[in-house]
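K.L.:
Note that the sequence shown ends on residue 233 in my numbering; no numbers are left out.
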Amino acid sequence: MVRPFHVPVCRHETLIIWTQTGLTAKERTAAMNHENFFVSERINEVTLMCERENPIYEQISSFSIALYVLGFFKCPDLMSFEDIDSREAAAYLKDDFTEIRQADLPSTYRITTSKDQYLLVIGDPSYPVHFAVLMDTKSRKPYFSKLNFFGSGFDSLEDLKREYLGKDGLNEDDLHFFKKNNPVTQPNLESGKIYITRTNGDYSAFKEINGYLVREAG
């Protein structure tokens, strides 16, 4: 059993280096519950700082709000990171999410009790217009996002359609649904080796020989 630690490589990529300590099933569940708690805390913070009718922080994009809620920015609070634009948002979609059909969304889902996370993307995923986080499929307003010129709040899919479709050529074909990629699968470890795993799931094995790390072939 192993425990990963994360090494930033660039804005959209992280190396995960597996070492010979363990995460039990109970610890993994606790970690998930811990993250779900912080999702709730970030939503409360965003609602306070950027409420729908009277946002304090009005200029921030829907992309930044959605990704902040999902925990993509390792910063102490909403005011501590640089806003991202559509091009940068598209890079996150490409690197960290997989597009799915609307029919593949779970019928019963609440973000605070699930390990999965979902985004509604309006516009071309290569140049998106709007991000909304799926929060609770049993709610009348299951999506959380920040609207243009307004603050953040909860909306139904129909609300968001009325807000964005029919403008700038957007139509029903410009509604896309994405699921956040699951964490990389832990490789089978052999004693005496070091494994370096990238967030796309690829990994390399190394052995220490005469004080140097030598990458194994294959």
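All C-beta atoms, glycine included, are put in the ideal place defined by N, C-alpha and C.
Determine which residues share a DSSP beta bridge with Arg125 and list them.
P.N.:
Asp151
K.L.:
Could you tell me whether the stretch 51 to 68 touches the stretch 161 to 175, using the rule of 3 or more Cβ pairs below 8 angstroms?
P.N.:
yes
K.L.:
Buried or exposed for Ser79, please, with buried defined as at least 16 other CB atoms from any protein chain shown within 10 angstroms of its CB.
P.N.:
buried
K.L.:
Count the other CB atoms, across all protein chains shown, that sit within 10 Å of the CB of Lys182; report buried if there are 16 or more and exposed otherwise.
P.N.:
exposed
K.L.:
Residues bridged to Tyr133 by DSSP?
P.N.:
Lys194
K.L.:
Near Ile58, which residues of its chain fall below 7 angstroms by C-beta distance, leaving aside the five closest residues on each side in sequence?
P.N.:
Val84 and Phe159
K.L.:
To the nearest whole angstrom, what separates the beta carbons of Asp92 and Ser76, a pair I think is in contact under 8 angstroms?
P.N.:
At roughly 17 angstroms, the Cβ-Cβ gap does not stay under 8 angstroms, so Asp92 and Ser76 are not in contact.
K.L.:
Taking the alpha-carbon positions, what's the Gly2 to Phe193 distance?
P.N.:
Since the displayed the chain opens at 16 and closes at 233, residue 2 lies outside it and no answer follows.
K.L.:
To the nearest angstrom, report how far apart Asp189 and Tyr142 are at their CA atoms.
P.N.:
Answer to the nearest angstrom: the Cα atoms are 11 angstroms apart.
K.L.:
Pull the bridge partners of Arg67 from the DSSP assignment, please.
P.N.:
In the DSSP output, where bridge partners are listed per residue, Arg67 has none listed.
K.L.:
Figure out for me which residue from Thr62, Pro157 and Phe221 has the closest Cα to the Cα of Tyr133.
P.N.:
Pro157
K.L.:
Tell me which same chain residues have a C-beta within less than 8 angstroms of the C-beta of Arg116, skipping the five on either side of it?
P.N.:
Phe192
K.L.:
Between the Cα of Leu149 and those of Tyr107, Ala81, Pro140 and Asp111, spot the shortest distance and give me the residue it belongs to.
P.N.:
Ala81
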